[in-house]
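Structure, as structure tokens:
Printed below as a string of structure tokens:
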């Protein structure tokens, strides 16, 4: 075929330009260390890189969450350990107090120590974590879980929940222990009431005190809540502050229009209710009846009964001590259960963490295979391309020197 | 001799021309588009010299241009394709580069946002971590908008390329017209205007780089040029001009128009090839979709997170507000009115996003095709599919739904041929911003908490309280009480007033709970429905007891056909499925058959209450439940044997049933209840009871329903019945199976509740059993319920004095409803007894609007003819696990402990992996959707680059071919120069010989 001079030059220069651009690409790969520079280099691999990167990122975040979970559970475990020690000490003291050879004076000493232990227990139960949140108050993290109520007893102010964090896609793990089931709802086998505001959410023991006087009558009510609703004074003639007592479950009116004043009392369903402070008409107080109590009240009741009875051989005293020990045992058991559960969760965290570490490693390997450059290959590619370029340049130079004009 | 001289001169002249042409070729060797020229020479005509013909030399015939017109045309079209693809490559690779780098891509920012949420979940109450979430949200929006702006820049760049190319096309067209004129004039004179032809080919090939052209040569040598689908650009010496205008349908786009005498013709869609075609292709195929895709990503993130926000509570305990600006804040901007519409006032319209997951990355066009404006048509622009069409509704306002969007027409009239662009996706992204200012406003806490009552005696607990899509639309009070009326049945009450739990509307009563299974208490979707079997044979007992030893007793289930109707989203019936219930079928079997159908979940349970009256002497009574004889002994908690009591007690019997491994395997359990035992098969198998004993032993087998007496008028309070002993006292005799007992009710009652209480205690005193009859108030009427199973079938009241409550009428009307009770008496034999079978009942839950009906007549079989569907969608759901006891209660109420609550945050985090975008192409997570977008841009770049390289080599080939014919080879020309120089020399020699000859001749003289 005929070749025009211009075509000859054009072809020569074109191939050199192409080789140059190839060379430059390889050079770019070598300088960035990646074989994938733009998505168009390998669109499928580029999408995989996005996915794998996001997986690696998620693994890292999960490991961060796992670390945080481990810290929190670790703190809780330490505190629970302390609580077990205290309860064990209280149990020992109670047993000693029950010993026939102890004197009333000895028991008073024991009582004093137990009283101090109650305070220690209270401060343990009100421990905060490193983020300044209470450990045992559920979601109510800024709320002191155990506070002293107006009647001197302790009440639980947290809720019934455990906070969870995400430790793997779709897997949440609880990073707290539920103070309610652990410490605030220990079955005592004894009737107990808690006095709440009308919506059942806050303590209202500053407004009412309830003494159980007839356990049998009270037992009929067991589990139901009583609503004390203050009525308009005009419902009585002459007008007088009064309230009605209603079973909140059945809606049954147990007593209606009972006249009350600050400090007055009345009896209903086996209970004596002392009205500390009357409320406005329409407002109400909720009396919850249970057979549960919190740990602090249980332990408090021990030192109180030690002080009360001078004779430790009486049947009532013996029964009281037996019950107290059973309750403390229940407390210790529930703390041990919680620690077992924490141990299990720590195990789960370890497994999850190692899975994440492995998958992160595997993903990094995949990522490297997808996008990282094989330097040996690239460098030899570059030297080959350079060689070809040089060959093209020198052959072009030689050919372009040929001209008939030089010879005529 | 003069002949010889003239021969020589002709040679000289010819070779002079040859040398000049060769020189010209050498000189033009590097001129683009130059075609080499050749002088064609011919032998001059010979003259007859009498002895033969003598040659007269050479003549120049023509200066010929060596060119192949076919090759020229081929090269022009190759050039069009090449410059088309080059333009595409140039534009698309800008997007490729943009998405490539981690620092400019979206993926890193999305990860950072979700990581901030994850970190916040560790300490949801902390303000700094909340602040970080807001900052990351801002960074995410910023990045999205940056990418959008960069893509938009590429679109603008393409538009300016089009504008400059169109103005060049106009210039080239002018030049061509001028050349056409010159060429036809030159050809008219008989000569080939080589340079003009070269020039014209050069201009044509430059024009082909701008736009794809077709050419037709005319007889006079002029060339007509056509573009697009045959629109003329140059005809002879006349030129049509092109122009670029803003598109009337979309001001962000440009249209190419051909200026006509009367009207301009839009030729945008028919232009192919060249730079203009390439730029238009990229705008149409890549940029529009890229912008839409980015828009959808913005919509999806904002929509999902905002929805989650609304389903939570913030740090101040109030319902969450939007984190990102509302996706429908730009509803009005989504409509772009075509500037060519004839309506003087455009109708008021807006477009809202109803479901991002159904959206497609495209814009839409609303057209009124009908000459009278009576119909509409909405076309999806990405693929030209008509997504909605029909008659234009007459009323205003009205709505049209398509592809996850809703078009609202508030008012106004449409004219025929009106057009409206619907910019569904990108208008939001341009105005998207983080509207939340205070970190406290992030709603990480769940709005609800589920609490179990302190007094619950069962072992059930709340699991997985979650809010659902649509929670924010639910307006009902979210304070609910779940109360178990038996271990297998529960009801849900409104608990907003704890003093007075109220029935819901519709009531949610008598719902089935299978103990031990985790059961969701509410529906997950508003279209879910529940059907509770309410037919007379649901849970019915055999009509009579039969002797043991023969065939097994049969339950009361009879033939019945159940139909399930499946409808599409518009409520149109698609198909039905039927289930034929055959007499004697067990509820468990029917449930299994229902469960095999799509969209249906059936639960079956069998319950029966028994009351054992064991005389304690004679033949020991014994009970066989589903073939298992309860003859063993029970063990207490410490595995110590407990002696079998005589007479047998209900408690012992309950333990016998619950401690039997075979019965446990069958799913049969017993619960102690007031005055008896409830036996439950949690799988819904028939319960078959066999009873043995002497004539003094009896077993009452019955339904949960107890005899009731209901007054039919509301109590008129206050009622004063006077002090005890007064004539005003209400006195009557009551008989519940132990003979008549006189009752006296006295006192003053302010409320119906008080009266009921007094009545109950008076009856309790009279019967010497406070629990036997309970008195309650329903709708202001009194209801007496006999609480003990099977003691008697009714409550009889007689001998009334002063009936203030209306019992006389109640009784006169026979308002007694008794439960079905069958009495089995011992047959005085340890081997021969009586047996009965009890059928189960069903609760069928349907999804997606599937409805259930029965062919039952009247009160029917399993289902009555009027079984109503109940919907219990509340916008949230939770499950209970474990075994609750009768009277166990759970409440769901507004959450108040928000500081440490991260439940709603956990649902926000799930947005990361949830499949929420993609529409008809399949749902994907947001990051996968972005990944697919990157892949598409990468593939497109890759494909365009490959095609461009191929076009380049095709162009190179056709260029080489053209050059091989028309190009100048300098060596060839050098050889020619030598050849022509020598021929020239030789011709000179001829002249010199002629001169010598002449001189010699002269010397003779």
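Chains as they are written, first to last, in my numbering: chain A, 64 to 471; chain B, 3 to 1007. Here a beta-carbon is modelled for each residue, glycine too, at the ideal position from N, C-alpha and C.
Relative to the Cα of residue 228 of chain A, the nearest Cα in the group A:129, A:151, A:195 and A:251 belongs to A:129. In summary, the residues of the region 26-49 of chain B whose CB is separated from some CB of chain A by less than 7 Å are 31 and 32, in the order they occur in the chain.
Taking the CA atoms as reference points, residue 64 of chain A sits about 27 Å from residue 984 of chain B.
Going by C-alpha positions, residue 936 of chain B is about 7 Å away from residue 110 of chain A.
In the assembly as shown, residue 27 of chain B is a buried residue. Its beta-carbon has 16 or more other beta-carbons within 10 Å. Residue range 106-161 is occupied by the alpha helix (DSSP H) that includes residue 151 of chain A. Boundaries of the beta strand (DSSP E) harbouring residue 254 of chain A: 249-260, taken from the DSSP string.
With the criterion set as a beta carbon lying under 9 Å from some beta carbon of chain A, the members of the region 904-920 of chain B are 904, 905, 908, 911, 912, 914 and 915, in sequence order. When the Cα atoms are used, residue 351 of chain A and residue 270 of chain A turn out to be separated by approximately 14 Å.
Rounded to the nearest angstrom, the gap between the Cα atoms of residue 631 of chain B and residue 797 of chain B is 35 Å. Minimum Cα-Cα distance from residue 614 of chain B among the listed residues B:607, B:622 and B:608 corresponds to B:622.
Here DSSP, grouped into helix, strand and coil, assigns residue 320 of chain B to coil. In chain order, 471 and 474 place their CB closer than 8 Å to the CB of residue 309 of chain B, counting only its own chain and leaving out the 5 sequence neighbours on each side.
It is roughly 15 Å from the alpha-carbon of residue 131 of chain A to the alpha-carbon of residue 240 of chain A.
If you check the CB distance, residue 579 of chain B and residue 566 of chain B come in under 8 Å. Interface with chain B (8 Å Cβ-Cβ cutoff): residue 336 of chain A is excluded.
The beta carbon of residue 292 of chain A sits closer than 7 Å to those of 306, 307, 309 and 347, all from its chain and outside the five residues before and after it, given in chain order. Assigned with DSSP and collapsed to three states, residue 921 of chain B falls in helix. The beta carbon of residue 302 of chain A sits closer than 6 Å to the beta carbons of 296 from its chain, once the five residues preceding and following it are set aside; these are given in chain order.
The CB of residue 298 of chain B never comes closer than 8 Å to any CB in chain A; the least such distance is about 17 Å.
With a beta-carbon spacing of about 12 Å, residue 235 of chain B and residue 258 of chain B fall beyond the 8 Å limit used to define contacts.
A check of alpha carbon separations from residue 459 of chain B across B:991, B:888 and B:400 identifies B:888 as the nearest. If you draw a straight line from the Cα of residue 654 of chain B to the Cα of residue 145 of chain A, it comes to about 44 Å.
Comparing alpha-carbon positions, the option among B:355, B:351 and B:303 lying closest to residue 436 of chain B turns out to be B:303. Under the three-state reduction of DSSP, residue 733 of chain B is assigned to strand. By the beta-carbon neighbour count (other beta carbons within 10 angstroms, threshold 16), residue 84 of chain B is buried. Here DSSP, grouped into helix, strand and coil, assigns residue 419 of chain A to helix.
Residues 330, 333 and 408 of the same chain have their beta carbon placed closer than 6 Å to that of residue 354 of chain B, with the five preceding and five following residues left out of the count. Between residue 387 of chain A and chain B, the shortest Cβ-Cβ separation is not below 8 Å. Per the DSSP secondary-structure output, residue 942 of chain B pairs with nothing in a beta bridge. Under DSSP, the beta-bridge partners assigned to residue 42 of chain B are B:64. One Cα belongs to residue 485 of chain B, the other to residue 650 of chain B, and the distance between them is close to 32 Å. Interface residue (Cβ-Cβ distance to chain B less than 8 Å): residue 173 of chain A is not classified as such. Between the alpha carbons of residue 747 of chain B and residue 342 of chain A lies a distance of about 34 Å.
Three or more beta-carbon pairs separated by less than 8 Å link the region 62-69 of chain B to the region 38-45 of chain B, which places the two stretches in contact. Among the bridge pairs identified by DSSP, residue 217 of chain B is matched with B:227.
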